[in-house]
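Written out below as structure tokens is the structure these notes cover.
Chains as they are written, first to last, in my numbering: chain D, 10 to 318; chain A, 28 to 460.
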């Protein structure tokens with residue numbers, strides 16, 4: 010079942026087509042990666058999903074019904090890239106206030122806050138102020154305030170920036186936990202290695218358009234270049250063959266790009282016939298980082314201003 | 028609890044719970060009242076150090092005796108010196124224990140001149156005036172005698188009255204004091220002026236803080252921007268009303284408390300009462316205040332404070348929403364908003380003197396100046412149609428501004444980077460949807 014469907018969403022600003030006809034859907038309980046270079050339109054897209062902006066045209070369907078910003082915002086938890094908290098407010102009161110704004114009762118909010126504070130080791134923070142916290146600490150607090158009201162849809166914009174590996178893992182585990190309990194997570198980042206690790210499904214936007222959509226495995230398959238790595242103690246010096254090209258020669262291993270029609274077994278046969286003792290052979294799939302760079306490269310480094318009529 | 032209620036609560040309690048709120052609310056009026064009490068105490072007591080003045084009276088102006096108004100000038104002690112020259116005694120009077128040395132050379136009674144007062148430091152204005160007074164009196168007496176008039180007779184003849192103004196449009200028996208009306212009007216006008224600026228800028232700072240902290244983005248994902256703006260404005264307005272309430276309670280407590288804490292002040296007042304003229308003014312002022320329509324003043328004050336505050340607060344909120352970090356930007360944008368407030372203040376100072384001039388009437392109807400100007404006229408009789416028109420215009424203006432600025436705010440609060448121009452902001456305000 011799709012928790013969120015976007016149909017032909019458009020949002021134009023005075024000088025830019027921030028989001029230009031984007032459609033996609035997200036399955037409930039999945040972790041969805043929203044990728045794109047700076048200024049691609051990710052934030053605008055997220056702001057439409059959170060109800061901060063109204064789309065110029067197109068539909069947002071949340072949970073099978075047309076998105077109603079006023080009531081549905083209660084089911085959404087949003088953690089913006091630029092963290093925002095009241096600096097002078099006490100941490101406990103702040104969490105309580107934000108949870109109540111999301112429509113929780115005071116007592117429910119209290120018990121949830123206590124639970125999360127214990128989970129993250131923040132029990133002693135209650136009467137401290139945000140200005141007393143380090144960047145990583147306020148990051149954790151921001152995450153807690155985002156998920157406190159048990160939203161069905163959680164939108165995290167660069168959730169790991171500024172966190173040390175221990176705390177990053179803590180939050181990563183919570184993200185998996187939340188997804189397991191049925192929450193859907195939209196995860197926006199530039200850090201491709203995190204996407205590979207966490208996300209089930211990704212889309213890539215650039216210049217306001219969707220240029221890639223699929224599961225991580227499918228995308229990698231789609232962009233694979235028939236590159237294999239073969240490992241052996243001693244590799245022949247001369248490789249005279251038309252079935253592959255050598256991409257890279259390394260000590261004890263070779264990166265090969267198979268020519269058209271060549272099967273991996275042909276390569277193996279070739280080396281076996283040469284009397285090479287193979288100890289490894291595997292396909293090299295492109296990293297999301299490579300795919301990202303390949304797709305975005307060639308477009309201008311920054312978005313240009315355009316006139317909209 | 029509704030979401031706007033939550034926001035109002037946060038804005039209200041986060042301010043009221045601060046120590047600085049209690050300090051400013053309670054301490055500021057105490058300091059002001061204490062300051063005035065000190066001034067009154069000093070003027071009642073007079074300066075404490077006794078001045079002694081040596082007089083070398085070569086013209087025999089005083090006939091060896093200084094006639095003084097004992098109630099006023101009792102702190103100056105005059106002694107006559109004889110058989111010395113001015114130039115010789117100038118060097119000696121200090122060692123002889125005098126603060127000052129007054130030299131009166133022989134002079135022509137029709138054009139007296141060349142009186143000199145030698146001192147070691149410049150004398151105070153009041154001492155100077157007191158000594159001049161003494162000399163003038165002596166010369167007058169001399170002149171009276173030379174014209175064949177008995178100075179005692181003249182004293183009986185001379186007159187010193189104070190005029191009492193009674194406004195006949197007032198109900199019978201309600202003697203109106205122009206002085207009291209003037210002071211109360213002026214005070215109300217200034218208070219509204221100050222409160223509008225103080226609380227307006229608080230709204231602006233609060234909005235800018237939310238924007239630069241980026242908390243605004245989190246909050247507008249759960250409430251509408253308009254709710255956030257109204258919550259802030261109402262919450263801060265409630266802080267203002269709380270401050271009023273505390274002041275009114277303090278003032279009424281003070282009326283009972285002061286005579287208990289400072290019983291000597293009553294004595295002072297009583298001793299002053301022996302000297303008519305000075306007290307009659309003060310007494311007249313307080314009885315005049317009592318005759319003013321205090322209830323009407325209080326109700327109008329609250330109405331015009333709320334109306335004026337709400338009208339301007341929405342403008343301040345819009346300004347706060349479009350500026351980013353730079354406080355200088357805010358200063359530039361705020362200036363056009365402060366102008367009508369200052370204009371209102373200027374008209375108010377005219378209106379308290381001439382409450383029915385066309386400028387005052389215009390100022391008290393025009394919604395951007397009416398809160399200040401109308402309070403400047405409030406102690407006078409204002410035609411009902413003017414009160415109603417002014418109120419309706421003010422409420423209408425508030426609704427219009429809130430509607431327009433709400434849209435500017437909604438866009439501004441999520442915009443970072445370049446500060447928009449006035450043209451862009453007005454365009455946002457009138458944009459549909």
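Where is the CB? At the ideal position from N, CA and C, for every residue including glycine.
Check                                                                                                                             : Outcome
Enclosing alpha helix (DSSP H) for residue 56(D) [first to last residue]                                                          : 51 to 58
Start and end residues, alpha helix (DSSP H) containing residue 243(A)                                                            : 242 to 246
Residue 132(A) to residue 386(A) span [Cα, whole Å]                                                                               : 57 Å
Chain D contact for residue 244(A) (CB, 8 Å cutoff)                                                                               : yes
Environment of residue 165(D) [buried if 16+ CB atoms lie within 10 Å]                                                            : buried
Contact set for residue 52(A): own chain, Cβ-Cβ below 6 Å, skip 5 residues either direction                                       : 270 and 273
Secondary structure, beta strand (DSSP E): runs of 3+ residues fully inside the region 119 to 168 of chain D                      : 162 to 166
Cβ neighbour criterion (16 or more within 10 Å) applied to residue 249(A)                                                         : buried
8 Å Cβ cutoff, residue 109(D) in contact with chain A                                                                             : yes
Near the ligand NAD: residue 365(A) beta-carbon under 7 Å from a heavy atom                                                       : Summarising the ligand content, the structure contains no ligands, and the ligand NAD is consequently not present.
Residue-level contact to chain D via CB, residue 247(A), 8 Å cutoff                                                               : yes
Short CB-CB distance (under 8 Å) between residue 82(D) and chain A                                                                : yes
Any chain B beta carbon closer than 8 Å to residue 146(D)                                                                         : In the structure shown, chain B does not exist; the protein chains are D and A.
Straight-line Cα distance separating residue 245(A) from residue 89(D)                                                            : 7 Å
Beta-carbon separation (whole angstroms), residue 267(D) vs residue 238(D), contact threshold 8 Å                                 : Their Cβ separation, rounded to whole angstroms, is 12 Å, which puts residue 267(D) and residue 238(D) out of contact at 8 Å.
C-beta neighbour in chain A for residue 53(D), strict 8 Å                                                                         : no
Complete alpha helix (DSSP H) runs within the region 261 to 304 of chain D (minimum length 4 residues, chain order)               : 273 to 282
Proximity test, Cβ basis, 8 Å: residue 33(A) and chain D                                                                          : yes
Endpoints, alpha helix (DSSP H) assigned at residue 188(D)                                                                        : 174 to 189
Simplified DSSP state of residue 229(D), which is helix, strand or coil                                                           : helix
Alpha-carbon to alpha-carbon, residue 88(A) and residue 370(A)                                                                    : 57 Å
Three-state secondary structure assigned by DSSP to residue 454(A)                                                                : helix
One or two residues paired with residue 82(D) in a DSSP bridge                                                                    : DSSP output for residue 82(D) lists no bridge partner at all.
Buried or exposed (CB count within 10 angstroms, at least 16 for buried), residue 417(A)                                          : buried
The region 69 to 89 of chain D in contact with the region 122 to 134 of chain D per 3-pair CB rule at 8 Å                         : no
Validate contact between the region 209 to 217 of chain D and the region 31 to 42 of chain D using beta carbons, cut 8 Å, 3 pairs : yes
Whole-number beta carbon distance between residue 184(D) and residue 220(D), since they are thought to touch under 8 Å            : Rounded, the Cβ-Cβ distance is 25 Å, inconsistent with contact.
Neighbouring residues, chain D, relative to residue 37(A) (Cβ below 7 Å)                                                          : 106
Span of the alpha helix (DSSP H), counted from its first residue to its last, around residue 108(D)                               : 100 to 110
Residues bridged to residue 96(D) (per DSSP)                                                                                      : Paired residues: none, contrary to the question.
Pairwise C-alpha distance: residue 221(A) and residue 303(A)                                                                      : The predicted position of residue 303(A) is uncertain, since its pLDDT is 46 and thus under 50; a value taken from the coordinates is nonetheless stated next. C-alpha separation (whole angstroms): 37 Å.
Min CB distance residue 441(A) to chain D below 8 Å                                                                               : yes
Three-state secondary structure (DSSP) of residue 66(A)                                                                           : helix
Per DSSP, cross-strand counterpart(s) of residue 3(D)                                                                             : An answer regarding residue 3(D) cannot be provided, because it is not within the stretch 10 to 318 covered by chain D.
Touching by the beta-carbon criterion (3+ pairs, under 8 Å), the region 42 to 62 of chain A and the region 77 to 93 of chain A    : no
Sub-8 Å separation of residue 379(A) and residue 216(A) beta-carbons                                                              : yes
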